[in-house]
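Encoded as structure tokens, the structure appears first; notes follow it.
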């Protein structure tokens, strides 16, 4: 898996969520047509994105879960010829790129969390962008343990095991042993051009009452979520998360 980060100059007010939708559109227009069509048709998209800003800069973050996604997207983004992102929508139309970074995390890195750590049974998350799930044809925007981990297990399977099949007995155990211990959440609309999806955003604390092995597995999935995102529309900027406590950082940075 790789995380590509483009740091750009900020010239005016930025809505991070709307800008991530525009970034998704820019990517679809610049990627190979066959791969772009494959992304649209994929059950589990191997790409997630996020946009964050501070007073002076805007960062476009593109997470790639599979080798094929890395091979298709990384050459475009990291090319020396790409020094400006031009987007027709939004307040700022031109984003001058001032810095590029690549961060990499392998399945082996994640395995170190599972096999090598005694992870904390208390895991605190920051839900950075609106997060929702789709079940029985309807959107759900509550932090339901089953929906969270079912989604992550499917994404993990697609990234490393080449399929969406999951162990439902393990999922049932997670639902029994993991609880939402605390939260500070708000609902927020994520606009998709003329439509929107309601999502939840804020802070979430999970506690695992199971074995250390189960705790480490939960921690591994949540660290994976920093690349995959959680829930629906992660390729457009929804479901971005960051672990605040409970998991060691074992990622590697490419210089």
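Numbering (the UniProt record's numbering), first residue to last: 1 to 255. A virtual CB, placed ideally from N, CA and C, is assigned to each residue, including glycine. Everything numeric in this text was worked out from a predicted model, so none of it was measured.
Annotation: residue 156 to residue 76 spans about 25 Å, alpha carbon to alpha carbon. Per the coordinates, the alpha-carbon of residue 229 lies some 15 Å from the alpha-carbon of residue 218.
Just measuring C-alpha positions, the residue of 172, 232 and 34 sitting nearest residue 43 is 232. Taken in chain order, the complete beta strand (DSSP E) segments of 3 or more residues contained in the segment 177–231 are 178–192 and 195–208.
Excluding residues up to 5 positions away in sequence, 53 and 58 lie with their Cβ nearer than 6 Å to the Cβ of residue 14 in the same chain. DSSP places residue 136 in the coil class of the three-state scheme, outside both helix and strand. Rounded to whole angstroms, residue 91 and residue 216 show a C-alpha spacing of 43 Å. Restricting attention to 123, 220, 191 and 208, the CA atom closest to the CA of residue 129 is found in 191. Assignment of beta-bridge partners to residue 81 by DSSP yields no partner. Residue 75 sits in a helix when the DSSP states are folded into three classes. Non-local beta-carbon contacts of residue 20 in its own chain, meaning distances under 7 Å to residues more than five positions away in sequence, involve 49, 50, 51, 236 and 237 in chain order. The C-beta distance from residue 202 to residue 127 rounds to 6 Å, short enough to meet the 8 Å contact threshold.
With respect to residue 147, residue 243 sits apart: the two C-beta atoms are not nearer than 8 Å.
Residue 118 and residue 89 have their C-alpha atoms some 47 Å from each other.
Secondary structure remark: continuous alpha helix (DSSP H) runs of at least 4 residues inside the segment 122–170, in chain order: 145–156.
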